[in-house]
Amino acid sequence: MKDLDKILELPRQVKSANPRIPPTVGRAGWAKRHTVVVASFLLGFLLPAVVVTGYMFGVARDQYVSEVSFVVRDDETAQMGLLAGFGLTSAGNATTDAKMLYEYLRSPNFVADVDRDIDLRAMFLRASGDPIFALKSDATQEDLIAYWRKMVTISVDSATGMIGIEARAFDPRDAQTITLAIHDAAGRLVNNVSDSARDNTVRYAERDLAKTVTRLHDARVAMARFRDSNRLMDPQAAVNINSTVIAGLSQELTEAMVALETLRAHGTADVKLIQAQTRVDVLNRRIEEEQQRYVGQDRDGVSFSTVIDEYTKLALDLELAEKAYSLALAGVEAARSKAEQDTRYLATFVEPTLPQTATRPRRMMISALAVIFIFIGWLSFVLIGSSNRDRF
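Residues 20 to 411 in my numbering are what the sequence shown spells out, letter by letter.
Here it is, written out as structure tokens:
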């Protein structure tokens, strides 16, 4: 018994005779760091998790989602098989129209117009007891735009150009009213753009026609002034007539010269010979006069070749002006016909819906994610603290 009492009286940590063997470790007790860990668990994890979960299930107001989907259709564009029934056009035009609508529906001007038409602020302020998800009562225009972009989700399919919109509100009627306003505004924008494009096409064609009319008028006036100043309807035709006259006179001169030589050969009386000679002289003089009328002779100090060149230029200008006028007139008719056929409109395949059940916010998902991230943050804090304690 004495030996047993001696053994019990020995200290708990006995120094080993072998220095390579560490001494025995005594029983662990409650330390200050344990209190810190528990306190951090309660304050850093449990309390925030309870607050977030309690807010999501007790304070956050129900949100209703209304949906609408549409696409811009252009009758001139080739349709894509079975999808043509939905009004789907080629990817190029569809993507451009979809991007235009996307930017327009998110623009500050559009938000201001919707707020003025349907009192958007009043709809978003219905959940006054929900400071996280509701719009602040003193929100500025910029705050309203940011809140609009959070409550209205716009998705665009770049392949087909389809636009899907989800609008959230704290009342089902308000959600449907917002999607109706978006749908009507998108339709007006498409119609305005289509009308503007048609008007521009016709206006540009008519402007070109007006230019060609002015050009044709100037060409005709220039030709009339030329004819008045030169007293010639067609110089080229006058030259052709002159050439015909000279050719006829030359033929008669040849015949007269033959007759004159015949009379001389037969020794005809002097009267006939004189008449034949006179005829030859007259024909020679007439030919020379006709030749000098348009060749080498000045008309008021201007050579006839210059007159011909000027007339040719004016005639060419007039011909080109007439052709340009004909093309411009055909272009106006084509533009008007295209404007009548080019109809671009909004094809809606999901009408604005009236929600029956609140589907936002996703309380369970948000609470679970919040708890997970809070736990990860708390655990990281504890591990970093323990690592620093062991290091120092």
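For each residue, glycine too, the CB sits at the ideal point set by N, CA and C. On a predicted model such as this, the values are computed, not experimentally measured, just so you know.
Segment limits, beta strand (DSSP E) that includes residue i
{"i": "A85", "result": "The amino acid occupying residue 85 in the given sequence is Ser; Ala does not appear at that position. Note, S85: beta strand (DSSP E), Y83 to D93."}
{"i": "F368", "result": "R363 to V369"}
{"i": "S174", "result": "V171 to V175"}
{"i": "I184", "result": "I182 to A188"}
Whole-angstrom C-beta distance between residue j and residue i, which should lie under 8 Å
{"i": "R379", "j": "R187", "result": "6 Å"}
{"i": "V369", "j": "V87", "result": "6 Å"}
{"i": "R244", "j": "L268", "result": "That pair is no contact at about 34 Å."}
{"i": "V351", "j": "L208", "result": "28 Å between Cβ atoms; not a contact."}
{"i": "G148", "j": "V78", "result": "7 Å"}
{"i": "V299", "j": "L333", "result": "Not really, about 41 Å apart at Cβ, beyond 8 Å."}
{"i": "L144", "j": "A153", "result": "7 Å"}
{"i": "G180", "j": "D132", "result": "Wrong, their Cβ atoms sit about 24 Å apart, outside the cutoff."}
{"i": "S85", "j": "P374", "result": "6 Å"}
Straight-line gap, residue i to residue j (C-alpha atoms, nearest Å)
{"i": "L134", "j": "T159", "result": "It is worth fixing the name first, because residue 134 is Asp in this sequence and not Leu. Using only the alpha carbons, I get a separation of about 12 Å."}
{"i": "S59", "j": "N407", "result": "16 Å"}
{"i": "I327", "j": "T263", "result": "18 Å"}
{"i": "Q195", "j": "P371", "result": "6 Å"}
{"i": "R363", "j": "R355", "result": "16 Å"}
{"i": "V71", "j": "S386", "result": "6 Å"}
{"i": "S215", "j": "S156", "result": "40 Å"}
{"i": "W397", "j": "M384", "result": "20 Å"}
{"i": "A238", "j": "E338", "result": "9 Å"}
{"i": "P67", "j": "Y74", "result": "10 Å"}
{"i": "N128", "j": "R222", "result": "29 Å"}
{"i": "L62", "j": "A165", "result": "33 Å"}
{"i": "V69", "j": "F76", "result": "10 Å"}
{"i": "P150", "j": "R140", "result": "15 Å"}
{"i": "R217", "j": "A358", "result": "5 Å"}
{"i": "F394", "j": "H53", "result": "18 Å"}
{"i": "D176", "j": "N211", "result": "23 Å"}
{"i": "A241", "j": "L235", "result": "10 Å"}
{"i": "V277", "j": "I265", "result": "18 Å"}
{"i": "V55", "j": "V401", "result": "9 Å"}
{"i": "T172", "j": "A224", "result": "41 Å"}
{"i": "M119", "j": "R382", "result": "35 Å"}
{"i": "L279", "j": "T331", "result": "43 Å"}
{"i": "S405", "j": "V57", "result": "13 Å"}
{"i": "R168", "j": "E185", "result": "11 Å"}
{"i": "A275", "j": "N249", "result": "36 Å"}
{"i": "I403", "j": "L65", "result": "19 Å"}
Sequence-distant residues of the same chain with beta carbon closer than 6 Å to residue i, five excluded per side
{"i": "L282", "result": "K291, L292 and A295"}
{"i": "I137", "result": "T196 and A200"}
{"i": "L388", "result": "none"}
{"i": "G104", "result": "Note that G104 scores 42 on pLDDT, short of 50, meaning its location in the model is unreliable and no value can be drawn from it."}
{"i": "A347", "result": "D227, L228 and T231"}
{"i": "F392", "result": "none"}
{"i": "M170", "result": "R187"}
{"i": "D412", "result": "The requested residue 412 is not part of the displayed model; the chain covers only 20 to 411."}
Same chain, Cβ closer than 7 Å to residue i, neighbours up to 5 away in sequence not counted
{"i": "E329", "result": "F245"}
{"i": "A377", "result": "D81, Q82 and Y83"}
{"i": "N303", "result": "L272"}
Neighbourhood of residue i by C-beta distance below 8 Å, restricted to the same chain and skipping five residues each side
{"i": "M142", "result": "A188, F189, D190, D193, T196 and I197"}
Start and end residues, alpha helix (DSSP H) containing residue i
{"i": "R226", "result": "P191 to N249"}
{"i": "F76", "result": "L66 to G77"}
{"i": "F60", "result": "K51 to F60"}
{"i": "L139", "result": "L139 to F143"}
beta-carbon residue i near the ligand NAP non-hydrogen atom, thresh 7 Å
{"i": "M383", "result": "Ligands displayed in this structure: none; no statement on the ligand NAP is therefore possible."}
Taking 8 Å as the threshold, find out whether the segment 228-243 comes into contact with the segment 333-345 through three or more Cβ pairs.
-> The segment 333-345 and the segment 228-243 touch, with three or more beta-carbon pairs separated by less than 8 Å.
Assess, as a yes-or-no matter, whether the segment 112-125 is touched by the segment 203-220 under the definition of 3 or more beta carbon pairs within less than 8 Å.
-> Segments in contact, yes.
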